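Chains E and F, in that order, are what the protein sequence lines are. Numbers 131 to 199, taken from the numbering used here, label the letters of the first sequence in order. Numbers 8 to 499, taken from the numbering used here, label the letters of the second sequence in order. Cβ atoms here follow ideal geometry from the backbone N, Cα and C, with glycine treated the same way. Note that the structure is a prediction, hence the values are computed from the model and not measured. Everything below concerns the one structure shown next.
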Amino acid sequence: MSWFRSLALLPVASVLLGPFVGNRVAPLVLGMPFLLAWMSLTLVLTSVVMAIVYRLDPANAGPEHAVGE
Amino acid sequence: MNISIVLIFFTIALVLWLGLRAQRGKDMNLEQWTVGGRGFGTAIVFLLMAGEIYTTFVFLGGSGYAYGHGGPAYYMLGYGSLCFILSYWLLPPIWRYAQQRKLVSQPDFFAAKYDSPALGILVAVVGAVALIPYLVLQLRGLGIIVSVASYSVISSTQGTVIGALVITAYVMVSGIHGSAWTSVLKDILVMGVAIFLGLYLPFHYYGGIGHMFEAIEQAKPGFLALPAKGESAVWMVSTILLSTLGFYMWPHMFMASFSAKGERGLRKNAFVLPIYQLMLLFIFFVGFAAVLQVPGLKGADIDLALFKISMATFDPWVVGLIGAAGVLTAIVPGSMILMAAATLVANNIYGPLRARSSQIRIISVARLMAPAVMGVALWFTLQGGQTIVALLLMAYSLVTQLFPVLLASLLRVNPVTKVAAFASILVGEAAVAVLSLNKLSVATLFPFLPDALKDLNVGMVALTLNVLTLIVVSALTRAPRHAGPRLQQQQG
Numbered sequence: 131m132s133w134f135r136s137l138a139l140l141p142v143a144s145v146l147l148g149p150f151v152g153n154r155v156a157p158l159v160l161g162m163p164f165l166l167a168w169m170s171l172t173l174v175l176t177s178v179v180m181a182i183v184y185r186l187d188p189a190n191a192g193p194e195h196a197v198g199e
Numbered sequence: 008m009n010i011s012i013v014l015i016f017f018t019i020a021l022v023l024w025l026g027l028r029a030q031r032g033k034d035m036n037l038e039q040w041t042v043g044g045r046g047f048g049t050a051i052v053f054l055l056m057a058g059e060i061y062t063t064f065v066f067l068g069g070s071g072y073a074y075g076h077g078g079p080a081y082y083m084l085g086y087g088s089l090c091f092i093l094s095y096w097l098l099p100p101i102w103r104y105a106q107q108r109k110l111v112s113q114p115d116f117f118a119a120k121y122d123s124p125a126l127g128i129l130v131a132v133v134g135a136v137a138l139i140p141y142l143v144l145q146l147r148g149l150g151i152i153v154s155v156a157s158y159s160v161i162s163s164t165q166g167t168v169i170g171a172l173v174i175t176a177y178v179m180v181s182g183i184h185g186s187a188w189t190s191v192l193k194d195i196l197v198m199g200v201a202i203f204l205g206l207y208l209p210f211h212y213y214g215g216i217g218h219m220f221e222a223i224e225q226a227k228p229g230f231l232a233l234p235a236k237g238e239s240a241v242w243m244v245s246t247i248l249l250s251t252l253g254f255y256m257w258p259h260m261f262m263a264s265f266s267a268k269g270e271r272g273l274r275k276n277a278f279v280l281p282i283y284q285l286m287l288l289f290i291f292f293v294g295f296a297a298v299l300q301v302p303g304l305k306g307a308d309i310d311l312a313l314f315k316i317s318m319a320t321f322d323p324w325v326v327g328l329i330g331a332a333g334v335l336t337a338i339v340p341g342s343m344i345l346m347a348a349a350t351l352v353a354n355n356i357y358g359p360l361r362a363r364s365s366q367i368r369i370i371s372v373a374r375l376m377a378p379a380v381m382g383v384a385l386w387f388t389l390q391g392g393q394t395i396v397a398l399l400l401m402a403y404s405l406v407t408q409l410f411p412v413l414l415a416s417l418l419r420v421n422p423v424t425k426v427a428a429f430a431s432i433l434v435g436e437a438a439v440a441v442l443s444l445n446k447l448s449v450a451t452l453f454p455f456l457p458d459a460l461k462d463l464n465v466g467m468v469a470l471t472l473n474v475l476t477l478i479v480v481s482a483l484t485r486a487p488r489h490a491g492p493r494l495q496q497q498q499g
């Protein structure tokens, strides 16, 4: 697996560990309970990481492969 | 007639007009009706897939689950992260394979990959059975929305029937094109309503989002975190995993991915959709705002939380706008579900059984199946019963059983035989049926397990049995001498 693809493991680990290590209400983060903020920020992390993966993936370089192998 | 009803019926009429108009200029053959002629750009594919995020499951179920369960509702954010990451690598090879062979449905894919029309029929039956509770969920939500937002002038049953007729009409005429057009209207209105309510209600009642959570924590300590037992961290992670594996196993999600013009658009969605999923936060805020303002909703009534607090806060015209957005969250996803179910029955059950059926005949049958499937869903809806989230979790368990067989088919050399694929799906679905009908949990099945594991989502049991069957039956039915040609055949 290319190094940039392994970046996708970061949000995966965050989702799977969050309920165990972040299961509390205080302190409020961004005005939200700690666990809710954790899961929300993980969604943001997912978007950022997948945007990086998309940009660096050679499969997305060159002309688009359209209908009509 | 109050302003709220006028707004709701105007929206329903607009959806019907858009849905019927969508077929203009299209030669509505099977490929156009089901996958839009594989000509949808990134934006429309995005909306069709994002449509899955904003269904009544979120609008009523998400706010209701936050209201009734608190912390465990956060699982909906968790599976958003995982399933969009999975989609980056899962959907492009599926799209490529389907595009090469002009496949139009999920069972087509399984039948082609395993060179087994019988497996296609089994997958079609599983898909149709799983789509019924999903359609029931949308209709149930629709009935609640129309009834409550019209201040009970229209009954829940009347609202459900009107919505069902509208969905059926434009699915029969326009197929996926109707869903694509109405998705645009739906997402604009729903996002606006979700953000407005999610910000206005906490500030109106508590002076801010942070103050709202502080007040809830003071009144109900621990409600905003996961409990130590029941819907614990173990339950949450196992539910997230099951929902992730099931997300793209829905027949209509397969069709949405088939409709893409190219595979790059599918990959782009992997980083755009997580931000879209973040809008769930605002829906949660509405449910949490209702916790201390409209206390006392129990059982299936927790799904009413969003409307109860809206009616206590706003004038009828605002409630009408919220109701209009809610109606769209039921009608648009409902149309995708109905179209997928009708296609499965016509193309993958009727078609193989009537070998000489032409494409024209199959699309005619598909159009006729739409009202038949809707009739079945309507009957179940009017029986009443479970909460919206409970309905969806059961349906998810059914489609998740297809994932191991799908994953194996995408490997360079598929180690799974067609007999094993058939057996594992049957075992998985039978396990889901037994577990659901008897309301069994991991704790009741395995009382000797450590407490932490007793909270595992019971769907994991069915999936484990499924995978074990896959491994054992593949080992027993593999024919080493002929493995080469068979494997090549499976790879197509």
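{"Item": "LYS120 (chain F) - containing alpha helix (DSSP H), residue span", "Value": "113-120"}
{"Item": "MET256 (chain F) in three-state terms, based on DSSP", "Value": "coil"}
{"Item": "Three-state secondary structure assigned by DSSP to GLY527 (chain F)", "Value": "Because chain F is modelled from 8 through 499, residue 527 (chain F) falls outside the range shown and cannot be assessed."}
{"Item": "Which of helix, strand or coil DSSP assigns to VAL159 (chain E)", "Value": "strand"}
{"Item": "Closer than 7 Å at the beta carbon, the chain F residues around PRO149 (chain E)", "Value": "LEU233, ALA240, MET243, VAL244"}
{"Item": "Distance between LEU140 (chain E) and PHE134 (chain E) (C-alpha atoms, nearest Å)", "Value": "11 Å"}
{"Item": "8 Å Cβ cutoff, LEU137 (chain E) in contact with chain F", "Value": "no"}
{"Item": "Range covered by the alpha helix (DSSP H) that runs through ASN473 (chain F)", "Value": "466-484"}
{"Item": "Beta carbon proximity, ILE216 (chain F) to chain E, threshold 8 Å", "Value": "yes"}
{"Item": "Pair within 8 Å by beta-carbon distance, VAL258 (chain F) and GLN113 (chain F)", "Value": "The displayed chain sequence assigns Pro, not Val, to residue 258 (chain F). In this structure, GLN113 (chain F) lies closer than 8 Å to PRO258 (chain F) by Cβ."}
{"Item": "Short Cβ contact (8 Å threshold) for GLY192 (chain E) with GLY215 (chain F)", "Value": "no"}
{"Item": "Beta-carbon neighbours of PRO281 (chain F), restricted to chain E and to distances below 8 Å", "Value": "LEU173, VAL174, THR176, SER177, MET180"}
{"Item": "Cβ-Cβ distance between GLY327 (chain F) and SER70 (chain F) below 8 Å", "Value": "no"}
{"Item": "From F:ALA415, F:ALA450, F:ALA440, residue whose alpha carbon lies closest to that of ILE478 (chain F)", "Value": "F:ALA415"}
{"Item": "Helix, strand or coil at ARG419 (chain F) according to DSSP, with G and I counted as helix", "Value": "coil"}
{"Item": "Inter-stretch contact (C-beta, 8 Å, three-pair minimum) for the region 143-158 of chain E and the region 230-240 of chain F", "Value": "yes"}
{"Item": "Contacts that SER170 (chain E) makes with chain F (C-beta to C-beta distance below 7 Å)", "Value": "LEU84, LEU285, LEU288"}
{"Item": "Exposure label - ASN355 (chain F); buried when at least 16 CB within 10 Å", "Value": "buried"}
{"Item": "CB contact check: VAL197 (chain E) to chain F, cutoff 8 Å", "Value": "Its pLDDT being 47, under 50, VAL197 (chain E) is placed unreliably in this model, and the value from its coordinates should be taken loosely. Output row for VAL197 (chain E): interface = yes."}
{"Item": "Neighbourhood of SER342 (chain F) by C-beta distance below 8 Å, restricted to the same chain and skipping five residues each side", "Value": "GLY26, ILE174, TYR177, VAL178, GLY185, SER186, THR189"}
{"Item": "The region 273-288 of chain F in contact with the region 108-127 of chain F per 3-pair CB rule at 8 Å", "Value": "no"}
{"Item": "Any chain E beta carbon closer than 8 Å to TYR81 (chain F)", "Value": "yes"}
{"Item": "3-residue-minimum beta strand (DSSP E) runs that sit fully inside the region 85-173 of chain F, ordered along the chain", "Value": "none"}
{"Item": "CB contact check: TYR255 (chain F) to chain E, cutoff 8 Å", "Value": "no"}
{"Item": "C-alpha distance - ALA319 (chain F) paired with LEU137 (chain E), whole-angstrom precision", "Value": "46 Å"}
{"Item": "Cβ pair THR167 (chain F), LEU146 (chain F) closer than 8 Å", "Value": "yes"}
{"Item": "Touch test, the region 299-316 of chain F against the region 73-88 of chain F, Cβ-Cβ under 8 Å, three pairs minimum", "Value": "yes"}
{"Item": "For PHE321 (chain F), the first and last residue of its enclosing alpha helix (DSSP H)", "Value": "Careful: PHE321 (chain F) lies outside any alpha helix (DSSP H) and carries neither H nor E."}
{"Item": "Extent of the continuous alpha helix (DSSP H) run through ALA297 (chain F)", "Value": "287-300"}
{"Item": "DSSP-derived helix/strand/coil call for GLN408 (chain F)", "Value": "coil"}
{"Item": "8 Å Cβ cutoff, PRO163 (chain E) in contact with chain F", "Value": "yes"}
{"Item": "Under 7 Å from the C-beta of PRO141 (chain E): neighbouring residues of chain F", "Value": "SER88, ILE92"}
{"Item": "The region 323-338 of chain F / the region 146-156 of chain F touching (three or more Cβ pairs under 8 Å)", "Value": "yes"}
{"Item": "Selection of the region 262-282 of chain F by Cβ proximity to chain E, strictly under 7 Å", "Value": "LYS268, GLY269, GLU270, ARG271, ARG274, LYS275, ALA277, PHE278, PRO281, ILE282"}
{"Item": "Cutoff 8 Å: GLY78 (chain F) Cβ touching any chain E Cβ", "Value": "yes"}
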